[in-house]
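In terms of UniProt numbering, the sequence shown is residues 1 to 358.
Glycine is no exception: its CB is placed at the ideal position from the N, C-alpha and C atoms.
Here the structure is a predicted model, which means the values were calculated and not measured.
Worksheet for the structure shown next.
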Amino acid sequence: MKPIEFVVQTVTPMFMAGADGQHFELRPPSLKGDLRFWWRAYYWGKNARTVTIDEIRTEEGKIFGTTENGGCKSGFALKISHPQLNPTMSKFPKHDIQVVSRGRSFPINILEYLAYGTYEYQRGQGNVFSRQYLPPGHEMTVTLLPRQEVNENDIVKSFYFLVMFGGLGSKSRNGFGSIAIKNSDMFKRYGLPESFPDKQFFTMNLSNNHHLPPFTAFSKGMRVFKLKPPKTSQDQYPRWKTWDDCLAELGKIYREARGKLEPKHQYEQRQYIGAPIIVAKSQQSHLDRHAKPYFIRVIQKKRDDYEGYIIYLPSTYCDELDKDHFNKTIDHHKVDREFQIACDKFNLLLERQMEVIL
1 MKPIEFVVQT VTPMFMAGAD GQHFELRPPS LKGDLRFWWR AYYWGKNART
51 VTIDEIRTEE GKIFGTTENG GCKSGFALKI SHPQLNPTMS KFPKHDIQVV
101 SRGRSFPINI LEYLAYGTYE YQRGQGNVFS RQYLPPGHEM TVTLLPRQEV
151 NENDIVKSFY FLVMFGGLGS KSRNGFGSIA IKNSDMFKRY GLPESFPDKQ
201 FFTMNLSNNH HLPPFTAFSK GMRVFKLKPP KTSQDQYPRW KTWDDCLAEL
251 GKIYREARGK LEPKHQYEQR QYIGAPIIVA KSQQSHLDRH AKPYFIRVIQ
301 KKRDDYEGYI IYLPSTYCDE LDKDHFNKTI DHHKVDREFQ IACDKFNLLL
351 ERQMEVIL
């Protein structure tokens with residue numbers, strides 16, 4: 001089968017590290033893992049019937065390979081080629097907001113808030129990155145090489161969903177690692193929109209399944225929120241002109257909604273938006289780790305035209321676990337209900353500040 005080439009450009013800083021955890025490294029296995037994630041999300045959402053985990057693993061193995069039952073080779077190869085990459089540890093553009101803690105008011109860069117965990121505080125210098133990132137504007141070519149027996153539509157769709165809803169590297173759910181496709185007309189060949197999909201595409205292709213998935217996936221309960229144009233712009237058609245302006249505004253909305261979930265110094269609901277929650281070196285969340293069900297996205301339409309989205313993909317909370325951080329037996333019915341209540345409240349807070357797409 002013919003190779004499928006996509007010309008990829010970084011839209012927001014991309015954190016991808018090699019074995020040392022510090023130096024930037026763009027590895028095909030990492031990209032393939034992201035494609036597997038979005039294929040799984042799509043497979044659940046497109047089916048209007050009950051889907052079992054065993055069925056997903058079987059179909060997934062045909063495309064991405066498996067080590068179970070003697071193993072099965074991946075149905076496609078993937079290659080990344082690029083000219084010289086110039087990763088950096090430079091500071092982000094400044095987008096400060098004022099916060100209050102322990103009676104003190106001080107500024108924080110909302111972009112650093114979203115990138116928490118990628119830097120360390122150094123006296124006199126502030127936050128200094130401890131790992132490299134690839135800045136916006138870098139180009140690379142991703143080549144997909146399907147084998148004869150695999151449906152290449154599934155591979156391309158996985159790539160499309162990664163581009164539109166996800167990102168590459170760490171902190172991708174917080175808007176980092178966003179990419180754009182310069183030859184996006186390629187998507188049209190597979191019946192996909194060139195740009196971010198509209199409500200009709202979601203309802204016809206991704207929200208057929210009424211059942212709540214046990215993992216992050218598209219379903220009937222998904223929500224999509226779009227950033228409104230800037231109010232301060234003097235342009236006839238206001239738009240977000242830089243990636244950092246767009247991501248900073250998304251970060252402010254996200255942080256404000258998270259802070260309004262419950263009174264200060266209470267964490268029962270906030271823990272469901274992302275765990276762990278550590279306060280004064282003490283863990284306040286039931287789980288040691290749980291990724292947020294929200295994906296912050298920056299889409300580049302043109303050189304100086306960006307759109308921002310927050311996508312909500314609901315699921316059950318932690319089906320695979322029996323005990324929590326405090327070694328207490330998990331009441332799954334209870335935590336699933338509390339998870340849903342927290343997310344419903346969070347979605348209402350997003351609705352007040354963003355345009356509702358779905």
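- When DSSP states are grouped into helix, strand and coil, Y190 belongs to the coil group.
- If one requires a minimum length of 4 residues, no alpha helix (DSSP H) run lies completely within the segment 272 to 336.
- The beta carbon of L349 sits closer than 7 Å to those of A257 and K260, all from its chain and outside the five residues before and after it, given in chain order.
- By a beta-carbon distance limit of 8 Å, G175 contacts L250. Their separation comes to about 6 Å.
- Per DSSP, the beta bridge partners of G126 are Q122.
- Judged by DSSP in its simplified three-state form, Y267 adopts coil rather than helix or strand.
- K226: member of the beta strand (DSSP E) spanning R223 to K226, first to last residue.
- In the three-state DSSP reduction, L261 falls in the coil class, being neither helix nor strand.
- With contact defined as three or more Cβ pairs closer than 8 Å, the segment 47 to 55 and the segment 200 to 218 are in contact.
- Between I277 and I296, the C-beta spacing is not below 7 Å.
- Distances from the CA of A19 to each of Q9, L144 and S30 were compared; the closest alpha carbon is that of S30.
- By the C-beta density criterion, E120 is exposed, having fewer than 16 other C-beta atoms within 10 angstroms.
- For A77, the enclosing beta strand (DSSP E) has its first and last residue at F76 to S81.
- By the neighbour-count criterion, in which 16 or more other beta carbons inside 10 Å mark a residue as buried, F339 falls on the buried side.
- Looking at the DSSP output, S170 shares a beta bridge with F15.
- Sorting H23, R102 and Y42 by C-alpha distance to the C-alpha of P213 places Y42 at the top.
- Beta-carbon to beta-carbon, L145 and F64 are separated by about 14 Å, too far to satisfy the 8 Å threshold.
- By the Cβ test, the segment 260 to 274 is not in contact with the segment 107 to 126, since fewer than three Cβ pairs between them sit closer than 8 Å.
- Residue environment analysis places P93 among the exposed positions, since fewer than 16 neighbouring C-beta atoms fall within 10 angstroms of its C-beta.
- In terms of CA proximity to W44, T216 leads the group I181, M186 and T216.
- If you look at D34, you'll find it in the alpha helix (DSSP H) that goes P28 to K46.
- Under DSSP, Y237 shares a beta bridge with no residue.
- A distance below 6 Å between beta-carbons, with the five flanking residues on each side excluded, links D304 to the following residues of its chain, in chain order: K241.
- Here R223 is buried, its C-beta having at least 16 other C-beta atoms within 10 Å.
- Sixteen is the threshold: when 16 or more other Cβ atoms of the shown chains lie within 10 Å of the Cβ of Y160, as they do, the residue is buried.
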